[in-house]
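A quick write-up on the structure given underneath.
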Amino acid sequence: MKSTVIKNNFSAGELSPVLTTRTDIQQYANGAKELTNMIPLVEGGVRKRPGTYFRQIIAGALRLIPFVVKSESSYLLIFKPLQLIVYNPRTYAVVATLTTPYTADQIPDVQFVQYRYDMFFTHSKVPVQRFRSSTDFTNWEIAEFIFTHPPLNDDAARYPFRKATPSDKTIGTNITVTLSDVAEWASATSYIKGDVVVSSLVYWQALVANTNQPPAVNSTYWAPVTSTAVDTFLATDVGSYISINGGIVKVTQFTSATVVAGEIVKAFDSVNAAVERSWGITPPAFNATNGYPRCVTFFKQRLALANILAAPNKIWLSAVGENGNFLETTDDADAFSIVSASGLSNSILFIEATRGVICLTSGGEYMVSSNGALTPTTAEINEHTAYGAYPITRPCRVGNELLFVQRGGERLRALSYRYEVDGLVSPEISTLASHIGEEHGGIEEITYQQEPESIVWCKMGDGKVASITFNRDQEVVAWAQHDFGGSTLSMCSLPTKLGSDQCFMLINRNGSICLEEVSFNANMDSQRDAAIVNNAIDVSPITYIDSFDLMKQEDSEIYYAVAFTKSGTTLKISNTDQSGTVQLGKPFDCKMQLFPPELSQSPASTMIYKAQIIRMAFFFYKTLAPVFNGKQLELLKFSNDPLSKRKLFTGRYLHEGGNFSDLYDVPLVITHNKPLPFRLQAVAMEISINER
96 MKSTVIKNNF SAGELSPVLT TRTDIQQYAN GAKELTNMIP LVEGGVRKRP GTYFRQIIAG
156 ALRLIPFVVK SESSYLLIFK PLQLIVYNPR TYAVVATLTT PYTADQIPDV QFVQYRYDMF
216 FTHSKVPVQR FRSSTDFTNW EIAEFIFTHP PLNDDAARYP FRKATPSDKT IGTNITVTLS
276 DVAEWASATS YIKGDVVVSS LVYWQALVAN TNQPPAVNST YWAPVTSTAV DTFLATDVGS
336 YISINGGIVK VTQFTSATVV AGEIVKAFDS VNAAVERSWG ITPPAFNATN GYPRCVTFFK
396 QRLALANILA APNKIWLSAV GENGNFLETT DDADAFSIVS ASGLSNSILF IEATRGVICL
456 TSGGEYMVSS NGALTPTTAE INEHTAYGAY PITRPCRVGN ELLFVQRGGE RLRALSYRYE
516 VDGLVSPEIS TLASHIGEEH GGIEEITYQQ EPESIVWCKM GDGKVASITF NRDQEVVAWA
576 QHDFGGSTLS MCSLPTKLGS DQCFMLINRN GSICLEEVSF NANMDSQRDA AIVNNAIDVS
636 PITYIDSFDL MKQEDSEIYY AVAFTKSGTT LKISNTDQSG TVQLGKPFDC KMQLFPPELS
696 QSPASTMIYK AQIIRMAFFF YKTLAPVFNG KQLELLKFSN DPLSKRKLFT GRYLHEGGNF
756 SDLYDVPLVI THNKPLPFRL QAVAMEISIN ER
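For the sequence shown, counting from 1, position 11 maps to 106 in this note's numbering; every step adds exactly one.
Now the structure itself:
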C-alpha cells in the first residue's frame, strides 16, 4: 500500500518523549521528536535559530533589564555587583555607569517597574531604589526613593494610656502634641496589659488586663515601675505618624517624652484633648528589621509595593498620581493597603498589573480589583487559581496573558481573564513539552521578542535556552531547545521603531562574560567581522571561543562558507584569492527529527508494519547545504553553472531511495551544520507499507 503525506507545519514544536505513541492527538502530526537550534514558524515550517553578534565583554555582568520610554529610545540596563551600566543598543555604546547597593547574590531577585522616565527597583533587603533619566537621555541617576508619606506598619502601632492635646488643627500647620500627666488609678476603669497609672505617688504598670484591682506590691495584676516606664514619646518616633482627633500628624521633631512636634497632613476635627487609647503612634513599615518590599508594579496611576518580612502577604497602593504618597485615608484618590488571606495565601512573590493587580504566591493566584473605580473603600482581593508560582522567575506579559512558572520551576502557565468564568484561568502551556524544564534545571528567566517571529525565550537553570513560538490567534505554542555554545546568564528584548525587536543575551564563554545580540541575520554565534591579512586571520584575542567558522555574504542571495585551516591562533585561508572582510564566529548545529507518520485513523494504526520511504519532497526557502539522514542535499538546478557562486535555493527538492524497516523506527532526521541560511517550509513523503 502506498500513501503520500505532507507535513507543512510544526505548530506543536518539540514534544515530550512520552508522547511518541500519541498518534491520536493533533499535536503528534504537527510536532517533532526533536528540535534543536531550530525555530518553528507561525506561518508553517521551521528555520535555523538566530545566531548572535558579539558586542563586547562585560566582566562580572549578571542580568539584563529593559528601559523603554518609547520604541526609538530604548536602553539596556546591565547589572553587575554594586554597579549598573546603561547601554545604548542603537550605537552599541555604554552611556553611563552608576553605583548601586545590590550585591551579586541580590541581583537575580531584584524586581522592577517603569513609569515614564523613572524605574523603581525593589529587593527584600534593600530600600526601594529609583532609577531615572532626563528627558533627553543625557543624565542618569539611581538613589534611594524618598517617600513623601511612607507605608505604615499598623501591627506595630502604639495606643498609649495618656491623654494627648494638639496645638492646632489646620492642615499643613506645624504643631506640637503634648501629653497630660499620668492618670490616677480608678476602680471603674478597665486596664489592659502595659497601661501605666499612678497610685500613692508610685507608678504602676498593668501585668494583665484587669478592672477594680488596686495596685499593690506582689500583686498578680500590677508591678511598680520607674519613671522611665511612663515615657511615651521616643526619639525614634521621628518619622512616625500620630492619628488623633480624626486627623494625622507626621512627627518631625522629638522634644521630650511628653512633647513632639510635627506637621498636620490630615486636618483634625478639634484641638480637644484625646482620651487614653483613642489616639495612636504608627511607625513606617519599611526598615532593616521589618524588611523592604520584594515586589513592585504600577496600576491605574498607583505605585504598588508588596511583601516585607513583617507582612509577607500585604500590598500597599499609593495615592493616585503620587508615587511617594502612601498616607492611608478613606478618600477615593488616597492610598490604601490590602492583605491576601486564605488557606492557600502564602508570601506574595510577584505582583503584575492586568485587569487588576495580580498577586502570585507560592500557593495561589489572586487579583486586587473592584467593581468600579479602585478606591480604599471598594478594593477587594480574590483568589482565582491555586497552582502557585516559582519564586525565582519573574512573570512575563505576552499579549493579554501573563506567563509564569509554576511552583517547582519546570512548568509554564499562561494566566488570563476568561469571560465565561468571569475570572482568571491559568492553563499550562508546557504540558506537551514538560521534559524541557525537567532536563535543564527549570526555567529561570522569561523574555518576549515580539518581532520578527513572536518568540518567548526561556533561560534555563543549566544555562541552556528554550524557545516558544507563541501565537494564540493561530493556535501556535511550539517549544524548541537551543545551545548557544556557552552558559546563558540573562536575556532581554527591546522594541525598535521599525522592524525586528533587539534581543540581547549575557553568556559565559569559557570564563568571559559576553554581551551578544540575538539576530536572524547572524548565521553563527558570537559573529563579528574579521579582516584577512596576508591570507590569514589572527584569532589570538578571541580566546573564549573554542571553534571557528568563516562565512562570506556578497549580497542578499549569495552566501558561502570560507575554507581555512587552523594553526595555533591563526586561521589560514585555503583560497589564496580570498581577501577583504569575512564573518567569523562559532558554528552551531541544527537538528530536526520527525515522528514517523501515522497513516491510519485512530484507533487503527500502521506503526506495527514495515515501511519504505520511496521518495521525499523538501520545500526549502532561501536555503543552502541542508542534510537529510547524514547526507547533504545538493540544491543545484539544471540551469546552474557548477563553477559559479551558489545562490540561496528556494523551491522543491526531491530525494529518492530508502529501505524497508519498521515504520516506528524509520529515520527522519534533517540537520544543518554550515554558517549558511536554512529554512524548511514543508516535507512531503511517499511511503510504501508492507502489511504482512
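The beta-carbon is built from N, C-alpha and C at its ideal position, and this holds for glycine as well.
Take the Cβ of residue i as the centre, count every other Cβ of all protein chains shown within 10 Å, and call the residue buried at 16 or more, exposed below.
i	result
GLN696	exposed
GLY155	exposed
LEU593	exposed
GLN622	buried
ASN466	exposed
PRO292	First, the amino acid is wrong: residue 292 is Val here, not Pro. It is buried - the Cβ of VAL292 has at least 16 other Cβ atoms within 10 Å.
LYS409	buried
PRO310	buried
GLN727	exposed
ARG492	exposed
VAL303	exposed
TYR187	exposed
ASP644	buried
THR99	exposed
Which value, in whole angstroms, describes the spacing of the CA atoms of residue i and residue j?
i	j	result
THR766	LYS686	4 Å
GLU239	VAL312	52 Å
SER457	ASN441	6 Å
ALA401	GLY532	29 Å
PHE690	SER111	12 Å
LEU749	ARG142	19 Å
ILE152	ILE608	6 Å
TYR316	TRP280	13 Å
ALA779	LYS97	13 Å
LYS647	ASN630	15 Å
ASP332	ILE339	15 Å
PRO245	LEU422	7 Å
THR488	ILE180	22 Å
THR192	GLN396	30 Å
TYR182	GLY581	22 Å
MET702	ALA573	25 Å
PHE328	SER351	7 Å
GLY342	LYS361	5 Å
ILE602	ASP650	30 Å
ILE270	ALA318	35 Å
LYS102	LYS559	28 Å
SER335	GLU475	27 Å
ILE637	GLU612	17 Å
ILE160	ILE403	23 Å
Starting from the C-beta of residue i, find all residues in its chain whose C-beta is less than 7 Å away, skip the five residues before and the five after it, and write them out in chain order.
i	result
PRO490	PHE445, GLU447, LEU455, LEU497, LEU498, PHE499
TYR212	VAL164, ARG227, SER228, THR230
GLU138	none
Can you list, in chain order, the residues of its chain whose CB lies under 8 Å from that of residue i, leaving out five sequence neighbours each side?
i	result
THR321	TYR298
SER166	PRO590, THR591, LYS592
GLN348	VAL333, VAL355, ALA356, GLY357
SER275	ARG257, LYS258, ALA259, THR260, ALA368
TYR482	GLY459, GLU460, GLN501, ARG502, ARG508, SER521
HIS577	THR131, ASN132, ARG144, LYS559, VAL560, ALA561, SER562
Rounded to whole angstroms, how far is the Cβ of residue i from the Cβ of residue j, which I believe are closer than 8 Å?
i	j	result
VAL277	VAL325	5 Å
PRO169	PRO184	One point to set straight first is that residue 169 is Ser, not Pro, in the sequence displayed. The pair is a contact, with the Cβ atoms about 7 Å apart (cut-off 8 Å).
LEU412	GLU460	Rounded, the Cβ-Cβ distance is 18 Å, inconsistent with contact.
ASN104	ASN125	6 Å
PRO407	ASN248	Contact flag wrong, Cβ pair sits at about 13 Å.
ARG158	PHE174	4 Å
Would the beta-carbon of residue i be found less than 7 Å away from any heavy atom of the ligand HEM?
i	result
VAL778	You won't find the ligand HEM in this model; it holds no ligand whatsoever.
By Cβ distance below 6 Å, which residues in the same chain neighbour residue i in space, the five residues on each side in sequence not counted?
i	result
TYR286	ALA301, ASN305
THR260	THR273, ALA368
PRO547	SER595
ARG513	VAL520
SER282	ASN307
MET586	THR542, TRP552, LYS554, MET600
GLY146	ALA617, ASN618, MET619, ASP620, GLN622
GLN707	GLY753, PHE755, SER783
Quick check on residue i - is its C-beta less than 8 Å from some C-beta in chain D?
i	result
ASN670	Included in the structure is just one protein chain, with no chain D present.
Are the stretch 650 to 660 and the stretch 694 to 711 touching, with three or more C-beta to C-beta distances below 8 Å? Touching, no.
Does the count of Cβ pairs from the stretch 467 to 478 and the stretch 496 to 509 closer than 8 Å reach three? The stretch 467 to 478 and the stretch 496 to 509 do not touch, with fewer than 3 CB-CB distances between them shorter than 8 Å.
Cβ pair count under 8 Å reaching 3, the stretch 219 to 234 against the stretch 352 to 363: Contact fails between the stretch 219 to 234 and the stretch 352 to 363, because fewer than three Cβ pairs, one in each stretch, are under 8 Å apart.
Contact the stretch 712 to 730 vs the stretch 769 to 784: 3+ CB pairs below 8 Å: Touching, yes.
Within the chosen definition, does the stretch 659 to 670 reach the stretch 696 to 712 through at least 3 CB pairs nearer than 8 Å? No, they do not touch.
Between the stretch 382 to 399 and the stretch 359 to 374, do at least 3 Cβ pairs fall closer than 8 Å? Two segments are said to touch when three or more pairs of C-beta atoms, one from each, lie closer than 8 Å; by this definition the stretch 382 to 399 does not touch the stretch 359 to 374.
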